[in-house]
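Below: the structure, in C-alpha cells.
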Amino acid sequence: MDLGLSERHRALQAAARDFIARFGHLSPPVGGGGGRKRPDRKALDWQALLIEHGFAARAVPRRYGGYGAEPDVFEAAIITEEFNRAGISLGIQGQGIRMLVPTLLEVGTEAQRERWIGPTIRGEVIWAQGYSEPEAGSDLAALRTQARLEDGQFIVNGQKIWTSSAHFADMMFLLCRTEPDRPKHLGISYLLLSMDSPGIEVRPLPTMTGHATFNEVFFTDVRVPADQIVLGRGEGWRVANVTLKHERMLLGDASKLMHRLHRLQALLAETRVEGRPLLASPVWRDRLMRLQGEVLAAKYHQMRLLGEAARGEESGLGLLVVKYYGSTLAWRLAALAVDALGEAGLVYDPHDDLAEDDAATAWYADWMYDLGLIIGGGSSNIQKNIIAERGLGMPREPKLQGGA
Amino acid sequence: MDLGLSERHRALQAAARDFIARFGHLSPPVGGGGGRKRPDRKALDWQALLIEHGFAARAVPRRYGGYGAEPDVFEAAIITEEFNRAGISLGIQGQGIRMLVPTLLEVGTEAQRERWIGPTIRGEVIWAQGYSEPEAGSDLAALRTQARLEDGQFIVNGQKIWTSSAHFADMMFLLCRTEPDRPKHLGISYLLLSMDSPGIEVRPLPTMTGHATFNEVFFTDVRVPADQIVLGRGEGWRVANVTLKHERMLLGDASKLMHRLHRLQALLAETRVEGRPLLASPVWRDRLMRLQGEVLAAKYHQMRLLGEAARGEESGLGLLVVKYYGSTLAWRLAALAVDALGEAGLVYDPHDDLAEDDAATAWYADWMYDLGLIIGGGSSNIQKNIIAERGLGMPREPKLQGGA
Amino acid sequence: MAFGLSEEQRLFDTSLRGLLAARVTQAARQAAAEAGREGAGDAALWAALTELGLPGLLLPEAAGGAGLGLADAALAAEALGYHAAPTPFLGSAVLAPLALLRLGDPAARAEWLPALAAGRMRVAFALGAIAGGTGPCTLRWDGERLSGEVAPLVEAAGATHALLALPAGGMALLALDAPGVALRPRPGLDRLRPLAALTLSEAPARRLPGDARPVLDAGRVVLAAETLGAARAMLDQAVAYAGQRRQFGRVIASFQGVKHVCAEMAAWLEPCQAFLRHAAAAQDAAPDAAPDTAPDTRDAEARMLACQIKAHADEVGRDVARHATEVHGGMGFTELLGLPFWFKRIAGNRQLLGGPERCREEAAMAQGLAA
Amino acid sequence: MAFGLSEEQRLFDTSLRGLLAARVTQAARQAAAEAGREGAGDAALWAALTELGLPGLLLPEAAGGAGLGLADAALAAEALGYHAAPTPFLGSAVLAPLALLRLGDPAARAEWLPALAAGRMRVAFALGAIAGGTGPCTLRWDGERLSGEVAPLVEAAGATHALLALPAGGMALLALDAPGVALRPRPGLDRLRPLAALTLSEAPARRLPGDARPVLDAGRVVLAAETLGAARAMLDQAVAYAGQRRQFGRVIASFQGVKHVCAEMAAWLEPCQAFLRHAAAAQDAAPDAAPDTAPDTRDAEARMLACQIKAHADEVGRDVARHATEVHGGMGFTELLGLPFWFKRIAGNRQLLGGPERCREEAAMAQGLAA
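Chains as they are written, first to last, in the working numbering: chain A, 1281 to 1684; chain B, 1281 to 1684; chain C, 8 to 378; chain D, 8 to 378.
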C-alpha cells in the first residue's frame, strides 16, 4: 500500500523501478561487496551507475562528486525499499559512506571534504572505524588510545577492536585521547589516518560467525599529519556524536526486517517435514504471523520517524527505542529460520564473500551476527538505560560512594 | 510414576487414598474455607478428622493437640499430592497454621505453645499476619509501626496493610518497632495480639480480584501484654526469618502448579470454537505442552528440594529460585486459561466464598491474584536480587553517595 | 499520510482529551462501575461526547455526522483508552454506523443514522459468531423475526439497541425494548464495559445482509487503539509512580531493575502507534466490500492489517499491563489508585472480537497462507 | 530416587569432570574443531574416556560394559556438555548400544557389543527419518543391502560405523569402510560434532527391526543433559566474567541489569536438573518396548518425559546461550574466550533428534492429546 506518498515520491519510486528493470542485471550480488571485502570492478562500476542516476550519494553535493539532490529521508526510504524488494544491491555500504561522509559534510573543513568525499563515495577509498577498545566496551569515555602532538604530527599509540574493515581499508577515522589532563569526554579527538602508516598492525578477530569481519588494530608510534583532525583538539566526542546521529537515522533497519520476513516466509513454505511444508503447520504459521505483526510495527514506525525528521520534529522516545526493538526482533526472525532449517541446516559453511554462502549458512550467520549487533555499540543494558533516562525521563544511575 | 517412594511412603500414600475414599464426601469444597473467611462447622469437623488420621497437623506434637508424627517433608508432599489430585480439602490453611505454629514450635515459650497451638490447628483461633506497611513494601527494615513498653504492656501505634484475614481473625502476629534507637533490623519485635483489643480498626482493601481478601489495619494505643512477645525485644527480625523459612519450604507450590495444569488441560478440551475443542488446535496444544514442560521442572525440582531437606543439606540457589519461577509460571498457566475462555469468559462474578465462583471467574481471579503473588512479599526485582546475590554470589547494590 | 496528525485531528484530539481528563475522574470510573452493575451507563459522559460529535464521527454529513474516517475513530479510541472512559463508543459510534453504512438498505439508514448521529441510540453488540466467540450463539431467522440466544452482549448497560452477527451470515439490528427480547445483565471483568446475555423469541429485527467482516475489522482496529491508549496510560503512571515511591533510600525509578522494565514497555509500545494509524487509514482506503465477491488485494491487505494490529496490541497490552502493575508493587494490585481499570480494559479487549491467536490465523488467511 | 546422586555416581562424576577439566582445554577444543574439518575426531580424548568406561556404560557386564542406566549416561552427558567436549558419546555410547540391545538379534549383539564396550567402534548416526528431520533420507533395503542417501550424518568425524533410522521402520547399522559407502564430510555449526552426507549403493548393512523410538527417546534425554550442562557452564562463565569486567567504574556484576539477567538464567536453569534426572530414570524404568504392541502407560510416560525434557532444555538452553553471551559483551561474540563452542553446542542440540515443536507434539501424542 502506498498511503502517504506524494506525487514527487511516486515519481522517484517509478524511476527506481525503471532503473532496476533496465540495469538490475548489472548489480553485484547482495551481501557481497560493502563491508566485508574490497569492492571489485563490478561493484565499482555499479556504484558509479547508482551515483549517476541518483540512487547512491544522492544528497552529496555535486562539487564533491555526488548527485546533488536535496536531502529527503523519504526519498532514501523509497530507494531502499525498491532495491531491497527487487534483491538489487544498493551499492557500497561501508562505514566511510554511511558515517564519515555525512560527518565531513557537517563538520569537516572544505579541504577535508574535497580530498576524501569523492573517492569515498566512489568506493575507491575504504574506511575503517576506530572507536571500540578492549577496556572500553560500552564506556567510550574510558578509551585509552593516545595521540600526542610532536613536530606537527600526532603520534598514536594504543589498541582498537571491532574495526570491521581494517584488513582491507585505506583509511581509518579514529577516536583517541589527545588531552590526557582534561576530563574524560573533553580529552578526545577525531583523527583521519592512513592504514598504510608504519606502526599499524591488523590482526583478524575470530568471531562466532567464522566470517573474517572484525579485527584488532595495534598502533605503535603511528604518525598522523596534524591537519587530519576533524574539528579540533578535544572535539572528538562532539564529532562522534554527529556521526552517531547519522548512524541512528540510518535507513534500512525496518527495510532489513521486512526483507528478512519475506525470506523467512519463503523458507517456511519451502521447508518440508514428512512431506508437508512448515507453513501448513499452524504452530509455525502462528510464530510467523506474530513476528509479522512486530515487523509491521517497525515498518510503520520508521515511516513515522522519517516524517518527523522531514518536518524537523524531534522524535525523542520514538527514535531511542529503534535500535533495541529492531536488533532483538532481527535476532528472533533469524531464530525462527534457524528452527525451521532443522537438522539439515546444521551444515555451516561460511565464505569470506557472504554472497557465496548457502541459504542455511546465511541464516545462521545472520542469527549470530545479530546477536553481535544486540551487543555491539552499547549492550541491551545500555540501550535500556538510554530509553529510560532520555526517553522516559527516569533518573540516572546514582553516583557511587567514593566514585571510581 | 512413583519412582523414589520408599515402602513407608507408599503405605502413607495408600492410607491417604483409603481415607479419601472413605471420608472424601465429608470434605468442604476446595477453595472455600481457609484464608478467605472463618471456617464453618463443616470445615471444623473436617479439620478434626484430618488431625485424627494424621493428614493435618501431622508433625505437631500430641501434647499440643497434633498427630505427633516425626517431621518428614516427603510425607507432607505425598499427602498434598493425593488430596489435590482427588480435589479434596487439605483442611484449614490459614497463616496461623502455616506460619505461626511452626514458628512457636521452634522459638515460642512453652506457655505460648500450650496456649495457642491447639486452638490454632483446630481452626478455633484464626490469625492474621501483620508484616507489610504502606511505606515499607519490599523493605521490611523500614517498618514504622511502633510499640512502647508501659506498665507491663506494649502500646502499639501504626498501620499495617495486606493483612489477609484481619476482618475475621481472632489474633495477629505483628512485627513492630520497639527499640527506635537501635539499627533498623535490630529494633523490631514480634508480638501476638488479640484482634478484639480496643484501638484496632480494620478496613477492607479493595483489590483487582474484587474478593474481600486483604485489609488495612490501624492501631491506636493498642495494648498487648508483655509476655505476648516471641523470643524477646529486638528479636523480631530473627523470628520473622524463622517464619519465612517455613514459608519457603511450604509445600504445595509445585502441587498447585500440577493441579492447575490439569484444570487447564480440561478447560482446553472442553472449550469449543466453531465446534472444535481448543485442544485439537495445534497452536493451543503447543502452548499447553510448553507449560507442561515448565511445570514438570517445578514438580521434580520440588522433589529434589524435599530430598535435600530430608538429608539436611542446604539447597542454596535451588531454593532461592522457587518463588520467582513458580509465581511467574502460575501466572502464565492462568493466562493461557484466560485466553482459552475467550469472550464468554469475560463474565466475572466473584463471591466472598471462592468455592462459589464459577469456573471463568475462578481462572480470572487466579490470574490476577497470582500477579499479586508475583508482587507480594518482595517484588520480582527483589527476588532477582536475592537469586543473584545469595544464589550466585554476585555483589550487592553498591552504597550510594550520602546514603539516605 | 506522513503518520502525523492533521491540524483538525490535533484540535479534535486536544479537545477530546481535555474533556476526558476533566470528566473521567477516578470517582467517575468508580460510579460508572457501580452503575454498570445495575445495567445503566454513564449518560452524562455520553451526552458530553455527543456534543463533541463522537457518535456521528463516521456518519455522512447528510445524516448529521462528521463524515470522518476510521483514522479519526482510532484517534478517539486511543484517548478513550488512555482515560479508561466508561462509554459505548465501539458499539454505538463504530460498529453500528459501519454496519448500517455497509450492509443496511436505504430504509434502514434513513431510520437509524440520524438517531445514531444524535447519540440517541446506544448499541450493544455481539459479534462472536464470526470472531471465534466462545459464548452461545443460536440466533436464527424466522421470517423477519429473530430467535435464539447469544452471549456476551457487550456494552449492554444503558443500551437501546443490539447489533448481532449471525451464524448463518449477515447481521441484525434490533431495539431492545421490542417484544420477545429478554436481556439479563451479567457482571463483566471490565466493569466499565458491562455485559449481558440476550434471549430472543421471535423478536422483530432488521436484516443487514452481506459480509460483516469489514465491520469486524474496523472494530478490531478500534479495540487495538483503545488497548494501546490504555497501555500508554499505564506506562505513564508506572514511570510517574516509580519517580515518587522510595525504597531502600532511593526513588525506585533509579534502580536499573525498574528502569529496564519501563524501557522494555516503551520499546514495545512506542512503535505501535504508527502501525495503528496505518491500519486505521487502510480501512478507510479499502473499498466497500460488495457481498459475494472476492475481496481484492487492497481489501485483503486492510483485513490483514486490522487482524495484525489487534493481535499485536493484545500481546503488547498484556505485557505492559502486567509490568506496569508490577512497578506499582502492592499499590497496583489494589484499587486505591484505580490501576485495575486499565488492566481490565486491556484484558477484556484482548478477548473481544477474537484474541491474538484467532486474529493471527485470520491474518494468515487474508494473505493466502492458510485455508 | 531422591534426586541426589549415589556414592558411586558421585565418584564417577568427579573423576569424569576431573578428566575433562584437565584434557578439554580451550586449545584442545580448537584443535578438535580443526581436525573435524578433515573428518577426524579427538582420538586421545576418546581413548581416555574409554579407559573410564564411558563407551560401555549402558552395556551389560557380560559384554564388557558397566551395566549402568540412562541416569548415569545423562550424568556423563551433563559433564561432557559442561566442558563442550569433542567426543562421539551420543552415537557410540548411547544410541548404538541401545539400538543393539533393544533391536538387535543375538548375532548382532555378539558381533558388536564387545567392540562398542572397548571403544573400538565409533558410531555416527542419522535419525531424521523418525524425528522430523529436514535433510534428505531415501534409504531403502534391497535384500540385506542398503541404498539411498541421508544427511546429516552426525558425529561423523573418525566414525567407523553408522546407525541409521529408516523411513520404512527399524534401523540399520553398517561399517563405513564397507563397499558402496560414500561419506562426504560437511562442516557443521558445532565444529566439535562434525557432520557428513552419506550415500549408499547396495552397501552391506545389518537390519535392526522394530520400534526405534525408545532409542530416539534415550538420545533426546542425553542431548537435553548435554544442553543443560553446557548452559550451566555458560551461566557460570557469565557470572565469573561479570565479576571481573569493569565498566563505568564498577564491576558489571554490581549492576542490577546484569544481575537480573543472571538471576533469570539461574531461575530457568536450576529446576531443570531434577526434571532431567527423573526423565533419565524413567527411561531406565520403562520396559523394553516390544515391536508392534501398544506401549503401556509407563512407557508412554517415559516417552512424554523424554520429549518434554528435550523441548524444555532446548528452550532454556537458547535463552541462556543468548543472555550469557550478552553478559560477555563483545568478548562473547569473539572466539577469544571460546564461548561460541558452548553456544553452538546448545544451538546444534536443539536441532538434533527433533526441535522443541516436534518434541512437544510427540509429547502430546504420548499422552493421547494429539493424533
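No residue lacks a Cβ here, since even glycine has one placed at the ideal position from N, Cα and C.
Asked                                                                                                                          : Found
Chain A contact residues for GLN244(D), given Cβ-Cβ distances below 9 Å                                                        : Under the 9 Å cutoff, chain A gives no residues; its nearest Cβ is about 15 Å from GLN244(D).
CB of GLY1438(A) within 8 Å of CB of TRP1407(A), strictly                                                                      : no
Residues of its chain near ALA84(D), where Cβ-Cβ distance is below 6 Å and the 5 sequence neighbours each way are ignored      : VAL229, ALA232 and GLU233
Residues of its chain near HIS1491(A), where Cβ-Cβ distance is below 6 Å and the 5 sequence neighbours each way are ignored    : PRO1630
Per-residue contacts from ASP1566(B) into chain A (C-beta, under 7 Å)                                                          : VAL1563
Counterpart residues of ASN1665(A) in DSSP-defined beta bridges                                                                : DSSP, once it has assigned bridges, lists no residue as partnering ASN1665(A).
Cβ-based neighbour list, LYS1603(B), same chain, cut-off 7 Å, excluding 5 preceding and 5 following                            : GLN1663
ALA1416(B) versus GLN254(C): straight-line alpha-carbon distance, rounded                                                      : 7 Å
Short-range partners of chain C found in the segment 230-259 of chain D, where Cβ spacing is below 9 Å                         : none
Simplified DSSP assignment, three categories, for GLY324(D)                                                                    : helix
Cβ pair ARG36(D), LEU199(D) closer than 8 Å                                                                                    : yes
ASP1566(A), DSSP secondary structure in three states                                                                           : helix
Residues near PRO1460(A) by beta carbon distance below 8 Å, same chain, minus five either side                                 : GLN1426 and GLY1467
Close beta carbons around ALA38(D), own chain, < 8 Å, minus the five adjacent residues each side                               : ASP49
With 16 other Cβ atoms within 10 Å as the buried cut-off, status of HIS1305(A)                                                 : exposed
Selected residue, minimal CA-CA separation from LEU1558(A), among ARG1395(A), ALA1323(A) and LEU1548(A)                        : LEU1548(A)
Cut-off 6 Å between Cβ atoms - residues of its own chain near MET1648(A), not counting five sequence neighbours on either side : MET1488 and THR1489
Contact set between ALA91(D) and chain B, taken where Cβ atoms lie within less than 8 Å                                        : By Cβ distance, chain B contributes nothing, its closest Cβ being about 21 Å from ALA91(D), past 8 Å.
For ALA371(C) and THR300(C), the rounded distance between their alpha carbons                                                  : Any answer about THR300(C) is weak, because its pLDDT of 44 lies below 50 and its placement is not dependable; what the coordinates show is given next. Cα to Cα, the separation comes out at about 19 Å.
Near-chain C residues of the segment 1483-1498 of chain B (beta-carbon distance less than 7 Å), N- to C-terminal order         : LEU1485, PRO1486, THR1487 and MET1488
Cβ pair LEU205(C), VAL258(C) closer than 8 Å                                                                                   : no
Under the three-state DSSP convention, the category HIS1542(B) falls into                                                      : helix
C-alpha gap between GLY1673(A) and PRO93(C), whole angstroms                                                                   : 31 Å
Beta-bridge partners of PRO104(C), as assigned by DSSP                                                                         : PRO104(C) pairs with nothing; no bridge assigned.
Bridge partner(s) assigned by DSSP for ASP1533(A)                                                                              : Its beta-bridge partners do not exist; DSSP assigns none.
Selected residue, minimal CA-CA separation from ARG1343(B), among ARG1395(B), HIS1447(B), LEU1586(B) and ALA1589(B)            : ARG1395(B)
At least 3 beta-carbon pairs within less than 8 Å: the segment 1358-1377 of chain A vs the segment 1437-1453 of chain A        : yes
Below-8 Å beta-carbon distance, GLY1532(B) vs any chain D residue                                                              : Confidence at GLY1532(B) is low in this model, with a pLDDT of 49, below 50, so the placement of that residue should be treated as unreliable; the coordinate-derived value is given next. Taking Cβ atoms only, chain D never reaches closer than 8 Å to GLY1532(B), which makes this a no.
Per-residue DSSP class, three states only, for GLN244(D)                                                                       : helix
Spatial neighbours of ARG129(D) in its chain, beta-carbon cut-off 8 Å, leaving aside the 5 residues before and after           : GLY48, TRP53, PRO95, GLY98, SER99, GLU162, GLY165, ALA166, THR167 and HIS168
The segment 1625-1655 of chain B: positions lying closer than 7 Å to chain C by Cβ                                             : GLY1625, LEU1626, VAL1627, TYR1628, ASP1629, TYR1644, LEU1651, GLY1652, ILE1654 and ILE1655
Cβ-heavy atom distance, TYR1411(A) to the ligand COA, below 7 Å                                                                : Of the ligands one can find in the structure shown there are none, so the ligand COA has no counterpart to examine.
Sequence-distant residues of the same chain with beta carbon closer than 6 Å to VAL159(D), five excluded per side              : Val is not the amino acid found at residue 159(D); the sequence shown has Pro there. Same-chain partners within the cutoff: GLY142 and LEU202.
Proximity to GLY126(C) [Cα-Cα], best of LEU66(C), ALA313(C), ALA274(C) and GLY176(C)                                           : LEU66(C)
Short-range partners of chain B found in the segment 158-191 of chain C, where Cβ spacing is below 9 Å                         : ALA158, PRO159 and VAL161
Short Cβ contact (8 Å threshold) for VAL1502(A) with LEU1537(A)                                                                : no
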